[in-house]
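**Q** Encoded as C-alpha cells, here's the structure I'll be asking about.
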Amino acid sequence: MSSDRLDSTNDDTGVARQRPIYSESQVIMTTVKAVIPFVLTYGLFITFHGTSSPGGGFQGGALIASVVLMIAFAFGIESTRKWLSNTLVVVLATLGVAIFAGIALVPMLLGANFLEYTAYYPLLGDALGLKRYEFVKYGMEAVEIGGIAFIVAGVLMGLFFALAAGMTPTSETNTVGDDVGTNASDNTSDADDATDGGDRP
Amino acid sequence: MSVATLSVTALLPLQSVGITPLEASLFVFVLITAVLTALFRDVLASIVVFAAYSLGLAVLYTFYRAPDVGLTEAAIGAGVTTVFLLLTIAKTTRPATDARFEAINWPAVGICGLFVLVVGVTLPAFPAVGDPASPILANADVTGYYLANAYDETGAENAVTAVLAAYRGFDTFGEAIVVFAAGIASLLVLGREVFTA
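Same order as they appear, the protein sequences are chains A and B. For the first sequence, position 27 (counting from the first letter as 1) is numbered 26 according to numbering that gives the first Met the number 0, and the numbering increases by one without interruption. For the second sequence, position 134 (counting from the first letter as 1) is numbered 133 according to numbering that gives the first Met the number 0, and the numbering increases by one without interruption.
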C-alpha cells in the first residue's frame, strides 16, 4: 500500500481516488467572505419577518446555519468547531425547545389553553402597550425566532459538525485553530504533507 | 362534470389544465434531474444533479404560489442536504471504473413504472390547476376560514405562518420537538468521541 497521498491511485483495492477534505482556497475564502453578510442578513430577515412575508423560523434558521457551514467550508471545519464550541450548538437547540415550551405552557398556568397567546394580555398588555390581538402576532414571532429558528440552526450545525468530525487532517488545527500557539507557523506545510495520508478513520 | 370529460381534459394539451410552457419545462427539468440522480455512477455527480433537482422543485413551488415551501426546499433540499451528502461521500472512496452511468436494473424500472402508472391513473380525478370549481376553493370550510380570518385574528399578513404558529401551533410544537430529538439522537450516535459537548 503506497497511499501516502490522499489522491493517490491504488488499483489493488479498486479504490481510484480519495478527495482531500479541506484545501485552503483563496477563491472560496474570498467568495464566502463577500457572500456571508448578505446570507446572514437574509436569514435574519426571513426569521424576523415570518408573520408578514414568506418564510419563518425554519427557513431562516436553516439559512443562518448555512452561514456557519460556508464558513467551515472556506476556513476549515475543525477551526470553525473550535470557534463555535459544541456546547454552544447544543445549548442553542435546547434553548429553542425551552423557549417554545415556555411560551406554550405559561398560558396553561394562567388557566388558558396550550399556546393561547392572548392569555398574556392581562399580564403584559399594559406594560407593553399592545392590544389583545397583537399578542398573537408577537407571540408567533417569539415562537418562530426564539423557538424554531434556534432549534433548526442548532440541530443543523450540530449535525454538520458531527458528520464532518474526524475528517480534517490534524495539521489544519495547527495552522488555523491554534494560531495563538507559540511557533505554529514554522512547519505547517511539512505537517500538511506528513499527516494527510494516515489520518483517515 | 363526469369522470369521462375530466379524463379527456387531462389528456388534452397542457394549456387546458393550466400549465404554462415554462412550468412544463420545469417539470421536464425536475424529471430529468431525478432520473439522472439515479443513473449517475459517480456519487459526486449524483449529488450535484440532486441539488439541481431540489432547485428546480423550489422554483416550481414558487410558481405555484407556495413561496414558504419553495424557501424550505431551496434551503434544506438544495443547500444543507447537499452539504451533508458531500460530507458523507468525502468519507467514502470512488469506484475505479470509468463507466459514467449505472447499469439499469430492469426489475426496479418495472416496479417504478408500475407505481407511476398507478399514480398516473388517479391524475384525471384531480381538478385543473387553478380551477375555481375545485373542491378546495368551491367548498372551502377550513381553508376559507383561515384566509378570511387569519389577519383579523392573528395580525399576521402571511396566512401560512398564522396556520403554523397559531391555529396549528400544537402540531408545530410537536415538529420542533421531533427535529430536536432526531438531531440530538443523531449527534449521540454519530459523534460520541468528537461531539462531547
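A virtual CB, placed ideally from N, CA and C, is assigned to each residue, including glycine.
1. Given ILE147/A, which residues of its chain have a CB within under 6 Å of its CB, disregarding the five upstream and five downstream residues?
2. Are there 16 or more other CB atoms within 10 angstroms of the CB of VAL178/B, so buried, or fewer, so exposed?
3. Could you check what DSSP says for PHE72/A in three-state terms: helix, strand or coil?
4. Quick check on DSSP: helix, strand or coil for PHE125/B?
5. Of all the options TYR120/A, GLY54/A and VAL67/A, which has the alpha carbon lying nearest to the alpha carbon of ILE35/A?
6. Any residues in the region 137-163 of chain A with a beta carbon nearer than 9 Å to a beta carbon of chain B? Which ones, in chain order?
7. In the DSSP assignment, the alpha helix (DSSP H) including GLY69/B goes from what residue to what residue?
8. So, is GLY129/B buried or exposed, given that buried needs 16 or more other C-beta atoms within 10 angstroms?
9. Would you say ALA31/B lies against chain A (beta-carbon separation less than 8 Å)?
10. Please specify which runs of the alpha helix (DSSP H), each continuous and at least 4 residues long, are wholly inside the region 117-183 of chain B, giving them in chain order.
11. Just to confirm my understanding: we take PHE160/A, look at its own chain, exclude 5 residues before and 5 after, and list those with CB closer than 6 Å. What are they?
12. Closer than 8 Å, Cβ to any Cβ of chain B: which residues of the region 37-66 of chain A, in chain order?
13. Determine whether the Cβ of LEU122/B lies closer than 8 Å to any Cβ atom of chain A.
14. What is the DSSP secondary structure of PRO94/B, reduced to helix, strand or coil?
15. Tell me the residue span of the alpha helix (DSSP H) that contains VAL47/B.
16. Residues bridged to PHE39/B by DSSP?
17. What residue range is occupied by the uninterrupted alpha helix (DSSP H) comprising ASN85/A?
18. If you measure between the beta carbons of VAL96/A and THR117/A, is that distance less than 8 Å?
19. What does ALA92/A reach in chain B if we use C-beta pairs closer than 8 Å?
20. Taking C-alpha atoms, which residue in ASN104/B, VAL120/B and VAL47/B lies nearest to ILE88/B?
21. Determine the closest residue to ALA71/A out of SER22/A, ALA111/A and GLY60/A, with distance taken between C-alpha atoms.
22. By Cβ distance below 7 Å, which residues in the same chain neighbour TYR52/B in space, the five residues on each side in sequence not counted?
23. Please check if any C-beta of chain A sits within less than 8 Å of the C-beta of GLY168/B.
24. What did DSSP end up calling PHE149/A once you bin it into helix, strand or coil?
25. Would you please verify whether the beta carbon of PHE113/A is less than 8 Å from any beta carbon of chain B?
26. Between GLU22/B and chain A, is the shortest Cβ-Cβ distance under 8 Å, so that the two count as touching?
27. Tell me the rounded alpha-carbon separation between ALA73/A and ILE98/A.
28. For ALA64/A, which three-state DSSP category applies?
29. Starting from PHE37/A and walking both ways along the alpha helix (DSSP H), at which residues does that stretch end?
30. Please classify SER65/A: is it buried, with 16 or more other beta-carbons within 10 angstroms of its beta-carbon, or exposed?
31. Less than 8 Å separating the beta-carbons of MET69/A and VAL31/A?
32. Just verifying my parser: in three-state terms, what is the DSSP assignment at LYS136/A?
33. What does the Cβ neighbour count give for ALA132/B, buried or exposed, with the cut at 16 atoms within 10 Å?
34. Looking at the structure shown, is PRO121/A part of a helix, part of a strand, or coil, going by DSSP?
35. Looking at C-alpha atoms only, which residue of ALA165/B, GLY69/B and ALA44/B is the closest neighbour of LEU56/B?
36. Answer yes or no: does any C-beta atom of chain B fall closer than 8 Å to that of TYR120/A?
**A** Concretely, from the data shown:
1. Numbered from its first residue, the first sequence carries residue 147/A at position 148. Cβ within range, chain order: GLY56 and PHE57.
2. Taking the first residue of the second sequence as 1, we reach residue 178/B at position 179. That one is buried.
3. Here residue 72/A refers to the residue found at position 73 when the first sequence is read from its first residue. Note: PHE72/A maps to helix in three-state DSSP.
4. As a first step, residue 125/B is located in the second sequence; it is residue number 126 there, counting from the start. It is coil, neither helix nor strand.
5. Translated into positions along the first sequence, residue 35/A becomes position 36. Of the listed residues, the one whose Cα sits closest to ILE35/A is VAL67/A.
6. TYR137, GLY138, MET139, GLU140, VAL142, GLU143, GLY146, ILE147, ILE150, VAL151, GLY153, VAL154, LEU155, GLY157, LEU158, PHE159, PHE160, ALA161, LEU162 and ALA163
7. Numbered from its first residue, the second sequence carries residue 69/B at position 70. Per DSSP, GLY69/B belongs to the alpha helix (DSSP H) from 66-71.
8. Position 130 of the second sequence, counted from the start, is the residue given in the question as residue 129/B. Classification for GLY129/B: exposed.
9. Locating residue 31/B in the second sequence gives position 32, counting from the first residue. The amino acid occupying residue 31/B in the given sequence is Ile; Ala does not appear at that position. Taking Cβ atoms only, chain A never reaches closer than 8 Å to ILE31/B, which makes this a no.
10. 134-137, 141-153 and 158-161
11. Looking up residue 160/A in the first sequence gives position 161. Counting only Cβ-Cβ distances below 6 Å, and skipping sequence neighbours, we find ARG80.
12. ILE45, GLY49, THR50, SER51, SER52, PRO53, GLY54, GLY55, PHE57, GLN58, ALA61, LEU62, ALA64 and SER65
13. Along the second sequence, one-based indexing puts residue 122/B at 123. Closer than 8 Å: no.
14. Locating residue 94/B in the second sequence gives position 95, counting from the first residue. Of the three classes helix, strand and coil, the one that applies to PRO94/B here is strand, per DSSP.
15. The residue you call residue 47/B lines up with position 48 of the second sequence. It spans 42-62 - the alpha helix (DSSP H) in which VAL47/B sits, taken as one unbroken run.
16. Within the second sequence, numbered from 1, the residue matching residue 39/B stands at position 40. Partner(s): PHE100/B.
17. Counting from 1 along the first sequence, the entry for residue 85/A is found at position 86. Here the alpha helix (DSSP H) through ASN85/A covers 85-108.
18. For this step, residue 96/A is matched to residue 97 along the first sequence. For this step, residue 117/A is matched to residue 118 along the first sequence. No, Cβ-Cβ distance for VAL96/A and THR117/A is not below 8 Å.
19. For the purposes of this step, residue 92/A is taken as residue 93 along the first sequence, with counting starting at 1. The answer, in chain order, is PHE179, GLY182 and ILE183.
20. To locate residue 88/B, count along the second sequence from 1; it is residue 89. That would be VAL47/B, whose Cα lies nearest to the Cα of ILE88/B.
21. Here residue 71/A refers to the residue found at position 72 of the first sequence. Looking at the Cα atoms, SER22/A is the closest of the given residues.
22. Within the second sequence, the letter at position 53 stands for residue 52/B. These residues qualify, in order along the chain: VAL29, THR32, ALA33 and THR36.
23. To locate residue 168/B, count along the second sequence from 1; it is residue 169. So yes, GLY168/B belongs to the interface.
24. Locating residue 149/A in the first sequence gives position 150, counting from the first residue. PHE149/A falls in the helix class under three-state DSSP.
25. In the first sequence, counting from the first residue as 1, residue 113/A sits at position 114. Output row for PHE113/A: interface = yes.
26. Indexing the second sequence from 1 puts residue 22/B at position 23. Closer than 8 Å: no.
27. Residue numbering aside, residue 73/A sits at position 74 when the first sequence is read from its first letter. Residue numbering aside, residue 98/A sits at position 99 when the first sequence is read from its first letter. The straight-line gap from Cα to Cα measures roughly 33 Å.
28. The residue you call residue 64/A lines up with position 65 of the first sequence. Helix, per DSSP.
29. On the first sequence, residue 37/A is found 38 positions in, with the first residue counted as 1. 25-47 is the span of the alpha helix (DSSP H), which, as asked, contains PHE37/A.
30. Looking up residue 65/A in the first sequence gives position 66. The residue in question, SER65/A, is buried, as its Cβ has 16 or more Cβ neighbours within 10 Å.
31. The count along the first sequence starts at 1 and reaches residue 69/A at position 70. The count along the first sequence starts at 1 and reaches residue 31/A at position 32. Result yes, Cβ atoms of MET69/A and VAL31/A sit closer than 8 Å.
32. Numbered from its first residue, the first sequence carries residue 136/A at position 137. Residue state, collapsed to three classes: helix.
33. Taking the first residue of the second sequence as 1, we reach residue 132/B at position 133. It counts as exposed.
34. Residue mapping note: residue 121/A aligns to position 122 of the first sequence, counting from 1. Note: PRO121/A maps to helix in three-state DSSP.
35. For the purposes of this step, residue 56/B is taken as the residue at position 57 of the second sequence. The residue with the shortest Cα to Cα distance from LEU56/B is GLY69/B.
36. Looking up residue 120/A in the first sequence gives position 121. Taking Cβ atoms only, chain B never reaches closer than 8 Å to TYR120/A, which makes this a no.
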